[in-house]
Amino acid sequence: MILELLAFLVLAATATLTALAALLVRELVHTILWVALFFVALSGFYFLVSAPFLGVLQLGVYAGAVTILLLFGVMVTRKRIFAREAATGLGPAPIALSLLVLVILATAATTVPSGTTQLSGFPIAALSTALFNVYGGWLLLLGLVMLPALAGSIYLVREDRE
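Convert by adding 16 to the 1-based position in the sequence shown; the result is the number in this note's numbering.
What follows is the structure, encoded as structure tokens:
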């Protein structure tokens, strides 16, 4: 019980800090990388509540594929992705709105009666085993193929390439 609470607190702190970093960083590529770390922390929550299928799905689809898709999109559309003119900003209105949403969610979380968040009756672990037992190696190979594609796209959009 203590280790689960400690894991939850570490994941909650990681998710909160990476989400804030994604909002406050000025470089678009760095924002995407912080969002990817947020997705990884979110998948940790799924593993913590004994939902390995959702955890693996979160890692594969969001932390992997969506992040690479966003990076490809930025690299194709912006010639100078690491330059200052590609920087994004965050004004005071989105920060105030996010703080208001945080206060509302914290208030709602304290008023929900305990014991109402239990999931029952759906064998998620069995579904995860059925889907990824046979094809797990192929999915891992697909992820390993995507990494050189990302490295190649970074090489292709470099400006000092001759």
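The C-beta atom is built at its ideal place from N, Cα and C for all residues, glycine as well. As the structure is a computational prediction, the values presented were derived from the model and not from experiment.
Taking the continuous alpha helix (DSSP H) assigned at residue i, which residues delimit it?
i          : result
residue 78 : Unbroken run through residue 78: none, as it is neither H nor E.
residue 52 : 44-64
residue 26 : 18-40
Going by other Cβ atoms of all chains shown within 10 Å of its Cβ, with 16 needed for buried, is residue i buried or exposed?
i           : result
residue 154 : exposed
residue 111 : exposed
residue 134 : In this prediction, residue 134 has a pLDDT of 45, which is less than 50 and means its spatial position is unreliable; what the coordinates show is noted afterwards. Exposed is the call here.
residue 48  : buried
residue 57  : buried
residue 160 : exposed
residue 109 : exposed
residue 34  : buried
residue 67  : buried
residue 165 : exposed
residue 126 : exposed
residue 132 : At residue 132 the pLDDT is 47, less than 50, meaning the model places this residue with poor confidence; the figure from the coordinates comes in the next sentence. Classification for residue 132: exposed.
residue 122 : exposed
residue 79  : buried
residue 17  : exposed
residue 93  : exposed
residue 11  : Here the chain covers residues 17 to 178 and nothing more, so residue 11 does not appear.
residue 89  : exposed
residue 168 : exposed
Please report the Cβ distance between residue i and residue j, rounded to the nearest whole angstrom; I am assuming they are in contact, meaning their Cβ atoms lie under 8 Å.
i          : j          : result
residue 45 : residue 87 : 7 Å
residue 70 : residue 62 : 4 Å
residue 20 : residue 64 : 7 Å
residue 41 : residue 91 : The pair is not a contact, with the Cβ atoms about 18 Å apart (cut-off 8 Å).
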